[in-house]
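Which chain is which? The protein sequence lines are W and S, in order. Just add 14 to the spot in the first sequence (first one is 1) and you have my numbering. Just add 201 to the spot in the second sequence (first one is 1) and you have my numbering. All residues carry an ideal CB built from backbone N, CA and C; glycine is no exception. Source: prediction; values computed, not measured. Scroll down for the structure; my scribbles are underneath it.
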Amino acid sequence: METLTIKENIGDVLKSILGHGNFEMHDELTAKDVDGWDSLSHMMIITKIEEAFNIKFKLRDLNKLKNMGSLVSVIQSKI
Amino acid sequence: MVFNSFNFVGFIIPVLIVYWIFFKKSKVSQNILLLVSSLVFYAWADWRFLILLLISILLNYYLGKKISNTTNETIQRRFLYIGLIFNIGLLLYFKYFNFFYEGFIEILNVFGASASYNTLSILLPLGISFFSFQTLGYLIDIYNEETEPSSNLLEFSVFVSYFPKILSGPIERASKMMPQIQEKRNFTYPVFVDGLRQILWGLFAKIVIAENCAAIANPIFNDYENQSGSVLLLGTFFYAIQLYADFSGYSNMAIGISKLFGIQLMRNFSTPFFSTNISDFWRKWHISLTTWMMDYVFTPLSFSLRSYQKKGLIISIIATFVLVGFWHGANWTFIFYGLLHGIYFIPLVYSGKMNTSEIVAKGKLLPSFVELIKMILLFILIMLTDVFFRAHNVSEAFDYIFLIFSNNIFSIPTEIFSSNYLITTALLFLFIAVEWLHREKSHDFEISHYPFILRWICYIVLYLLILIFGKSAETFIYFQF
């Protein structure tokens, strides 16, 4: 899957969980930059992403997620 | 040696002079001084456990290196487990042994055995809940490749034993604190003055607000069976404020003292009572413990239960908060305290409003009516859980709450017209107003933007209030944890 499509899908997940689209998708985007993306909503986002891409994360993968770029590459490595 | 003592002033002034005048050019000598002072400070508080602290430093330092020296996940995990067993084992033995031992014997008795028990008299090493959580976090972060292990024993020893935070936190993270220890600290006047300001505010919160509230709450709690519902309600109100002023005051002093040495510790309280829901409250209350629990308990737990969606989330939240409660001490009262807070989250999870966290009435002078009502309701809910925090056992806490609602809750207590109530209430108004005005700032008394004259008026007024209304305080509530 192309990076652009992955990002679009992640964007949709974020919008559905957080209820807003006030963020710009770029590789340096972090959870801190997005309103409402905190440790509590994080797990719901992760579950939705797993469903959307039909993949399974490991706990260690989660700890490696530093920004949008790393999220996209972890997803890419699992598809 | 508490921060608000002359002993401490006599201890810190020479250390500061040597640190900034003689050791300003060398990182190593600054760190040696910090380590020696920290060990002296700890030994002063309780010399018997100095060896334990040193063993903890050495073992965690060694394990941190071992975890990162290999890429073999099995070996990494083995060293992590040794660290977990050691650090959690320390806590279990010193803090929870009798609790589990009693529970075990009672279970045996339920099944017909007639076992009796004598609890062991185990002394609790000061600060153990704080430094063992810090070293646990350090090892887990290395295992998760989130932080590099320290390659310098001196720097690591300062990280663990640093005296402003060893007794009651904040529970620091290696990724934030180590880089500051690895660099030479340069004297910066604004930071130094800001530290003094924060100490002054912490001192005011502790010896004026917390101690005056304690003077009202203690007699009520000690004789709660003979009080009317309205007086009991007042008791919980003043205890809730006492608890906050005690620990946030301590934290402000700790962070302020650390600033004097050019080291920024993490913020521990961020005006938590100006919150409109429980999730918001916990983002602002004892932040260093809450974020620790979020990262190392809630995240793995909710991750493993993620397929159960909201139910999994609720179980994870409740389990995390029960643990938060239990962290405070080996008593069912703390477990109930945590459990109630966990339960408070349930409506939020279902309403999907858990993530709405922002500064109340941002940019405005006053909150809206709805915000005010929400803050008051939340305060009342939290205040009731604090009865468990304060009570000696669970049945006493339930008795207390039951009596609030069954024994003349609407009567007007005559005590409120006495001078100590009136004075404490007036001081509370000042305390709350100052915290409200600075709720968007980096700490509760960040007044660097005030004009010079106004700043000095604030300092002098606080100083006088401390002199007139301050009560001597030998300890802090959180020292027992």
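What are the boundary residues of the alpha helix (DSSP H) that residue i is part of?
i, result
"S87/W", "82-92"
"S30/W", "17-32"
"H542/S", "533-545"
"M39/W", "Unbroken run through M39/W: none, as it is neither H nor E."
"P391/S", "390-404"
"M378/S", "375-382"
"R511/S", "Before going further, note that residue 511/S is Lys rather than Arg in the sequence given. Note, K511/S: alpha helix (DSSP H), 510-528."
"N77/W", "73-78"
"Q231/S", "228-247"
"R191/S", "Because residue 191/S is not part of the residues shown, which for chain S are 202 to 682, the question remains open."
"S369/S", "S369/S -> no alpha helix (DSSP H), and no H or E assigned at all."
"M202/S", "Taken as a continuous stretch (DSSP letters only), M202/S belongs to no alpha helix (DSSP H), as it is neither H nor E."
"R591/S", "570-591"
"Y339/S", "329-344"
"D47/W", "No alpha helix (DSSP H) contains D47/W, which DSSP labels as neither H nor E."
"V359/S", "354-362"
"E412/S", "412-423"
"I258/S", "251-269"
"Y220/S", "Counting along the chain, Y220/S falls outside any alpha helix (DSSP H), and DSSP gives it neither H nor E."
"M692/S", "With chain S covering 202 to 682 only, the question about residue 692/S has no answer from this structure."
For residue i, which residues of its own chain have a beta-carbon under 8 angstroms away from its beta-carbon, when the five flanking residues on both sides are left out?
i, result
"K62/W", "V27, S30, I31"
"L251/S", "L240, Y243, A244"
"D52/W", "A45"
"G338/S", "I372, R374, A375, W493, D496, Y497"
"T491/S", "W483, R484, V525"
"K189/S", "Since the displayed chain S opens at 202 and closes at 682, residue 189/S lies outside it and no answer follows."
"E572/S", "T477, V561, A562"
Spatial neighbours of residue i within its chain, please: C-beta separation below 6 angstroms, excluding the five flanking residues on both sides.
i, result
"K385/S", "K228"
"R398/S", "F646"
"F535/S", "G526, F527, H529"
"M82/W", "D41, L43"
"F37/W", "V48"
"F357/S", "Y262, S351"
"I20/W", "V86, I89"
"G539/S", "F522, V523, V525, G526"
"P568/S", "V561, A562"
"G284/S", "L264, L340"
"I617/S", "none"
If I measure Cβ to Cβ from residue i and keep anything under 7 angstroms in the same chain, skipping five residues before and after, which residues do I get?
i, result
"S84/W", "K78"
"I93/W", "M15, F67, I69"
"V409/S", "L628, L666, I667, F670, G671"
"W248/S", "none"
(message) What are the residues in the stretch 21-48 of chain W lying within 8 angstroms of chain S by C-beta distance?
(response) Answer set for the stretch 21-48 of chain W: L32, G33.
(request) Could you name the residues of the stretch 262-275 of chain S whose beta carbon sits closer than 7 angstroms to any beta carbon of chain W, in the order they occur along the chain? (result) none
(request) Please list the segments of the alpha helix (DSSP H) lying wholly inside the stretch 280-327 of chain S, counting only runs of 4 or more residues, in order along the chain. (result) 298-311
(request) Any chance you could list the alpha helix (DSSP H) runs of at least 4 consecutive residues sitting entirely within the stretch 471-504 of chain S, in chain order? (result) 479-485, 488-494
(request) Taking a Cβ distance cut-off of 7 angstroms, strictly less, list which residues of the stretch 484-504 of chain S are near chain W, in chain order. (result) M495, F499, T500, P501, S503, F504
(request) Taking a Cβ distance cut-off of 9 angstroms, strictly less, list which residues of the stretch 54-68 of chain W are near chain S, in chain order. (result) L54, S55, H56, M57, M58, I60, T61, E64
(message) Closer than 9 angstroms between beta carbons: that is the criterion. Which residues of the stretch 439-471 of chain S meet it against chain W?
(response) none
(request) Could you tell me which uninterrupted beta strand (DSSP E) segments, each at least 3 residues in length, are contained entirely in the stretch 601-638 of chain S, listed from first to last along the chain? (result) Within the stretch 601-638 of chain S, there are no complete beta strand (DSSP E) runs of at least 3 residues.
(request) Compile a chain-ordered list of the residues in the stretch 281-293 of chain S whose CB is closer than 7 angstroms to at least one CB of chain W. (result) none
(message) At a CB distance below 7 angstroms, what residues from the stretch 374-388 of chain S approach chain W? Give them in sequence order.
(response) none
(message) Please list, in chain order, the residues of the stretch 77-91 of chain W that have any C-beta partner in chain S closer than 8 angstroms.
(response) N77, K78
(request) Identify each residue in the stretch 513-526 of chain S for which the Cβ-Cβ distance to at least one residue of chain W is less than 9 angstroms, and report them in chain order. (result) G513, L514, S517, I518
(request) Identify each residue in the stretch 327-358 of chain S for which the Cβ-Cβ distance to at least one residue of chain W is less than 8 angstroms, and report them in chain order. (result) Hits within the stretch, in order: N345, E346, E347.
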